């Protein structure tokens, strides 16, 4: 059975303007691969309700899971929760359990739990909260859409909290061979081998490091025995 | 007049599996912002013809420019040029000018210009070549779609070659203020200021560095005088 598939939606003007370098995509990709969920697509959109709604609705019908990153803070540019509610056609309100968590947090911290911070307790109807062990303000899952913070430490902590509850398949494994030859030299033999193993994915990635040029050949798949067999063939060809 | 908009399409299993961290998106975002083109959306898809065709056709009708990254090498997993030809419904052949460039390159290098390497001279009908000063094998522009390599050094060199020929608007400028307060403390005043300047974009980005917590407040826009006026107001509020 093929693994479940997922998509990611990164929300943030700061990524698209080049101000900030996104790191959540790379983290999510590695975590999902290890969990046996195939990350099939990523989209990055601006802090724009129409763009978020369109992307969420396109992605949630095409994949088993959608993970979003960004736009759930207390300021006016944090519009993700409202956009998700709109995408699902449900209401959004200050939810009692989220308010209780955050009231306790701000009492402990001595900071005012003002109207802006209370915005972070606004959760679309029908959602399940995602725990935030870093800074309390929760994420949420609505249907198959998991809405998480953009701050990498918080994103990673939220993901670690929900990933065990999501059904994964066999983890995607990979083996790689580093050869000091150009892609053009190995392409014919590598392509022929790939066509003999349609159940595996084979990719080649050229590198040049401190004057050394070569290619990393990577074989990916779920069956360890098949992977090792293909790698033995590859090593005999180019190792 | 609003600036032209662009989308990016990153093609590569290696990004989605978490093996490789994409860096071309961040580079393109910064370069387009400086050139006065608004990067409105990014998509990352796998080495899959159907996914590439669907994404290219969705993006090229919605934006002034589409920039792609990856999948134009000599190996079997490099399917971008064929997918672009399919998306536009045009033929793809070994083109004489690309063959000539590459024949000369491989004669100089002493490496065989074999069938795999000749694949890199396959260009969709009607495309204009994009110069590759790093490793010769060209990219191409077909309509408003600019097809470039995934290797960052080559991507950056190709982009530097074509960007001056693309019409940009007023470069997006930004000013930022670093405050040692939480987002929740500044949200009300910051949001009120943002609503007074609908022509500017204001965003807040929390940080924690070596135990210091705070927020970077960023104002973006094209009109220097308006930016400076808004920043003066912001500094009076929180500086």
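Chains as they are written, first to last, in the numbering used here: chain A, 104 to 342; chain B, 104 to 342.
The C-beta atom is built at its ideal place from N, Cα and C for all residues, glycine as well.
The model shown is predicted, which means the values in this text are computed figures rather than measured ones.
Straight-line Cα distance separating residue j from residue i
i                      : j                      : result
residue 219 of chain A : residue 107 of chain B : 34 Å
residue 242 of chain A : residue 283 of chain B : 25 Å
residue 324 of chain B : residue 116 of chain A : 12 Å
residue 247 of chain B : residue 313 of chain B : 45 Å
residue 262 of chain A : residue 131 of chain A : 8 Å
residue 209 of chain B : residue 172 of chain A : 45 Å
residue 240 of chain A : residue 291 of chain A : 54 Å
residue 322 of chain A : residue 277 of chain A : 5 Å
residue 316 of chain B : residue 337 of chain B : 19 Å
residue 300 of chain B : residue 257 of chain B : 40 Å
residue 327 of chain B : residue 105 of chain B : 16 Å
residue 266 of chain A : residue 259 of chain A : 10 Å
residue 340 of chain B : residue 137 of chain B : 29 Å
residue 143 of chain A : residue 289 of chain B : 38 Å
residue 125 of chain A : residue 162 of chain B : 21 Å
residue 237 of chain B : residue 319 of chain A : 19 Å
residue 329 of chain B : residue 205 of chain A : 37 Å
residue 160 of chain B : residue 119 of chain B : 21 Å
residue 217 of chain A : residue 182 of chain A : 18 Å
residue 114 of chain B : residue 188 of chain B : 15 Å
residue 235 of chain B : residue 275 of chain B : 28 Å
residue 203 of chain A : residue 167 of chain B : 48 Å
residue 215 of chain B : residue 199 of chain B : 18 Å
residue 127 of chain B : residue 331 of chain A : 32 Å
residue 271 of chain B : residue 309 of chain B : 31 Å
Residue i and residue j closer than 8 Å at C-beta
i                      : j                      : result
residue 201 of chain B : residue 224 of chain B : yes
residue 180 of chain B : residue 150 of chain B : yes
residue 273 of chain B : residue 133 of chain B : no
residue 154 of chain B : residue 145 of chain B : no
residue 121 of chain B : residue 129 of chain A : yes
residue 135 of chain A : residue 109 of chain A : yes
residue 311 of chain B : residue 286 of chain B : no
residue 333 of chain B : residue 303 of chain B : yes
residue 195 of chain B : residue 233 of chain B : no
residue 245 of chain A : residue 191 of chain A : yes
residue 228 of chain A : residue 254 of chain A : no
residue 249 of chain B : residue 221 of chain B : no
residue 123 of chain B : residue 293 of chain A : no
For residue i, three-class secondary structure by DSSP
i                      : result
residue 237 of chain A : coil
residue 308 of chain B : strand
residue 329 of chain B : helix
residue 284 of chain B : coil
residue 273 of chain A : coil
residue 216 of chain B : coil
residue 349 of chain B : There is no way to answer for residue 349 of chain B, as the model of chain B reaches only from 104 to 342.
residue 166 of chain B : coil
residue 248 of chain A : strand
residue 142 of chain B : strand
residue 324 of chain B : strand
residue 338 of chain B : helix
residue 159 of chain A : helix
residue 183 of chain B : helix
residue 116 of chain B : helix
residue 267 of chain A : helix
residue 175 of chain A : coil
residue 133 of chain A : helix
residue 149 of chain B : coil
residue 294 of chain B : helix
residue 204 of chain A : helix
residue 300 of chain A : coil
residue 255 of chain B : helix
heavy atom of the ligand MN below 7 Å from residue i C-beta
i                      : result
residue 178 of chain A : Inclusion of the ligand MN in the displayed structure is not the case, the ligand content being empty and no account of it being possible.
Rounded Cβ spacing between residue i and residue j (contact assumed at less than 8 Å)
i                      : j                      : result
residue 175 of chain B : residue 252 of chain B : 6 Å
residue 280 of chain A : residue 213 of chain A : Not confirmed; about 57 Å, so no contact.
residue 305 of chain B : residue 295 of chain B : Residue 305 of chain B to residue 295 of chain B, Cβ: 11 Å. No contact.
residue 112 of chain A : residue 156 of chain A : Incorrect: roughly 11 Å between the Cβ atoms, too far for contact.
Closer than 7 Å at the beta carbon, the chain C residues around residue i
i                      : result
residue 247 of chain A : Although the question refers to chain C, the structure presented lacks it and instead comprises the protein chains A and B.
Beta bridge counterpart(s) of residue i as assigned by DSSP
i                      : result
residue 318 of chain A : A:282, A:309
residue 110 of chain A : A:144, A:169
residue 231 of chain A : A:244
residue 197 of chain B : B:225
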